[in-house]
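Here's the structure, in structure tokens; my notes come after.
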Amino acid sequence: MKQGREYLYRYLSQTWCEELAMFLQSLFRFKNQTCPKARFMIARNIVKTSVQPYTTFAINISYETRQNTLLEMQKLEKDFSEKQDLAISVAFFEDCEVEVMKLINDNHWRKFVKN
29 MKQGREYLYR YLSQTWCEEL AMFLQSLFRF KNQTCPKARF MIARNIVKTS VQPYTTFAIN
89 ISYETRQNTL LEMQKLEKDF SEKQDLAISV AFFEDCEVEV MKLINDNHWR KFVKN
């Protein structure tokens, strides 16, 4: 499975979709991280590079999904700054992931499979 995922990342990067590849790579690291603090740090990075609007690698997601994710991250940032127990679910970026996968399926998957 790792090889196929790496091929997809490379294909997306080569077709001017670096933001999608970066998001998916970071999301994979996020989901596989078991330490809550490390998972939080990865989530913070994903939000800063992929979710916040107007960044170089902002992903194409709906306004509602973007706002909800940013709001949830603000809550986590507050908990983190107040030294509360961090509990960040692997499903934190689920809405973003669904939209990105739909975008890939609608616009890139057939071309990727042909290559």
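The working numbering numbers the first residue of the sequence shown as 29 and each following residue consecutively. Here a beta-carbon is modelled for each residue, glycine too, at the ideal position from N, C-alpha and C.
Use the C-beta contact count for residue i: other C-beta atoms within 10 angstroms, 16 or more gives buried, fewer gives exposed.
i	result
L67	In the sequence under discussion, the amino acid at residue 67 is Arg, which differs from the Leu named in the question. With 16 or more Cβ atoms within 10 Å of its Cβ, R67 is classed as buried.
M101	buried
C63	exposed
Y39	buried
V128	buried
Just confirm the distance between the C-beta atoms of residue i and residue j, as a whole number of angstroms; I'd bet it's less than 8 Å.
i	j	result
C124	T93	6 Å
F140	L36	6 Å
V118	K59	5 Å
The region 68 to 79 / the region 88 to 100 touching (three or more Cβ pairs under 8 Å): yes
Complete beta strand (DSSP E) runs within the region 49 to 134 (minimum length 3 residues, chain order): none
Contact between the region 104 to 122 and the region 64 to 77 (3+ Cβ pairs under 8 Å): yes
Three-pair Cβ contact test at 8 Å for the region 108 to 120 versus the region 42 to 51: no
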